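Quick notes on the structure that follows.
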Amino acid sequence: GMAARTVEFHLGNIRQKLKVSTRLEAILWFKEHGFYLDGEPDRECQ
423 GMAARTVEFH LGNIRQKLKV STRLEAILWF KEHGFYLDGE PDRECQ
């Protein structure tokens, strides 16, 4: 998976671009688009 700092960097960019109000919403956006901060695949999608 990505380095944590890289994920944080992209979270910041997404929050600015999409005006995501909270970090949680940014994480949910990542998960909806197939990114996993913990590096594990989402079992619900398998």
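Using the working numbering, count along the sequence shown one by one with no gaps and you end on 468. Cβ atoms here follow ideal geometry from the backbone N, Cα and C, with glycine treated the same way. Please read all numbers here as calculations on a predicted model, not as lab measurements.
Check                                                                                                                                                                     : Outcome
Here's the rule: buried if 16 or more other CB atoms are within 10 angstroms of the residue's CB, otherwise exposed. What is ALA426?                                      : exposed
Quick one: is THR428 buried, meaning 16 or more other Cβ sit within 10 Å of its Cβ, or exposed?                                                                           : exposed
Classify LEU433: buried if its beta carbon has 16 or more other beta carbons within 10 angstroms, exposed otherwise.                                                      : buried
Can you find the residues in the same chain that come closer than 7 angstroms, C-beta to C-beta, to ARG445, ignoring five residues on each side of it along the sequence? : LEU433
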